[in-house]
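A.B. asks: Note that the working numbering has the sequence shown beginning at 360, numbered continuously upward. Ideal placement from N, C-alpha and C gives every residue a C-beta, glycine not left out. Only a predicted model underlies this, so the values are computations on that prediction, with no experimental measurement involved.
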Amino acid sequence: AGQAVHLAEEISTGEAARLRITFDDGTVLTLGERARVVIDSFVYQPDDGLEQLLLTATGPFRLATAALVSPAAVINVATPAAVLGVRGTDYWGGPIDGRYGVLVLEGVVTVANDGGEVVLSNPGEGTNLDSFDVAPGAVTNWPADKVLRALDSVSFN
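(1) Give the DSSP-derived three-state secondary structure of R446 in the structure shown.
(2) Could you give the first and the last residue of the continuous alpha helix (DSSP H) run that contains R377?
(3) Might you give, ordered along the chain, the residues of its own chain that have their beta carbon closer than 8 Å to the beta carbon of G453, omitting 5 neighbours on each side?
(4) Pull up the distance between the alpha-carbon of L488 and that of L479, whole angstroms please.
(5) With DSSP as the reference, label L366 as helix, strand or coil.
(6) Given A441, which residues of its chain have a CB within under 8 Å of its CB, disregarding the five upstream and five downstream residues?
(7) To the nearest angstrom, report how far apart S400 and E410 are at their CA atoms.
(8) Would you report the Cα separation of N481 and G447, rounded to the nearest angstrom?
(9) Helix, strand or coil: which one does DSSP assign to D399?
(10) Under DSSP, the alpha helix (DSSP H) around R458 begins and ends at which residues?
(11) Could you have a look at R421 and say whether DSSP puts it in helix, strand or coil?
(12) Hey, quick one: how far does the beta strand (DSSP E) through A437 stretch, first residue to last?
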């Protein structure tokens, strides 16, 4: 608890583990079990209006951007199945039902890969992906049980 996280550091969790990282701008990244993240870039200069967060992630995670994040901020997460572009968002990503899923809880997430792009813009919308070269699946409202399973994978309870 309270340890610094460094640029390019690989952070991982084990079986049944959870980890929460709070960045200087208040953005919170939560990792579920057997997850891995590398912080590729983090720039936070609020006086200059500069903010950039670039991550590479595998396994289940939840990212909630802070109210301090400016609309011009660049926040991208590279996953095995897509690059997730974030704007004012709380969302989940990770393996679910044998595929890679992305669920928006608040804000907007652009899910893009070599096969195409979809935009999740309403709470409860999600998409499923098979690989980086196959287009994201159709945007659908995820059923409540799927949402609960996704959130449970990163819950500390």
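C.D. replies: Working from what's here:
(1) Walking along the sequence shown from the start, residue 446 turns up at place 87. Collapsing the DSSP output to three states places R446 in a strand.
(2) What you label residue 377 is simply residue 18 of the sequence shown in a count that begins at 1. No alpha helix (DSSP H) holds R377; DSSP gives it neither H nor E.
(3) By 1-based counting over the sequence shown, the position of residue 453 is 94. If the five residues before and after G453 are omitted, its C-beta is found closer than 8 Å to the C-beta atoms of G391, A394, G418, P419, F420, Y459, G460, A509, S512 and V513, all from its own chain and listed in chain order.
(4) Stepping through the sequence shown from its first residue, residue 488 is reached at position 129. Stepping through the sequence shown from its first residue, residue 479 is reached at position 120. Distance between the alpha carbons of L488 and L479 is about 14 Å.
(5) Counted from its first residue, the sequence shown places residue 366 at position 7. L366 falls in the coil class under three-state DSSP.
(6) Along the sequence shown, read from residue 1 onward, the residue named residue 441 stands at position 82. Around A441: Y459, V461, V470, A471, N472, L488, F491 and P495.
(7) Numbered from its first residue, the sequence shown carries residue 400 at position 41. Numbered from its first residue, the sequence shown carries residue 410 at position 51. Rounded to the nearest angstrom, the two C-alpha atoms are 10 Å apart.
(8) Taking the first residue of the sequence shown as position 1, residue 481 is located at position 122. Taking the first residue of the sequence shown as position 1, residue 447 is located at position 88. As the crow flies, the alpha-carbon of N481 is around 12 Å from that of G447.
(9) Here residue 399 refers to the residue found at position 40 of the sequence shown. Reduced to three states, the DSSP call for D399 is strand.
(10) Mapped onto the sequence shown, residue 458 falls at position 99. It is not in any alpha helix (DSSP H) - R458 instead sits in the beta strand (DSSP E) that spans R458 to N472.
(11) Taking the first residue of the sequence shown as position 1, residue 421 is located at position 62. If DSSP states are grouped into helix, strand and coil, R421 belongs with the strands.
(12) Against the sequence shown, residue 437 aligns to sequence position 78. For A437, the enclosing beta strand (DSSP E) covers residues V433 to A437.
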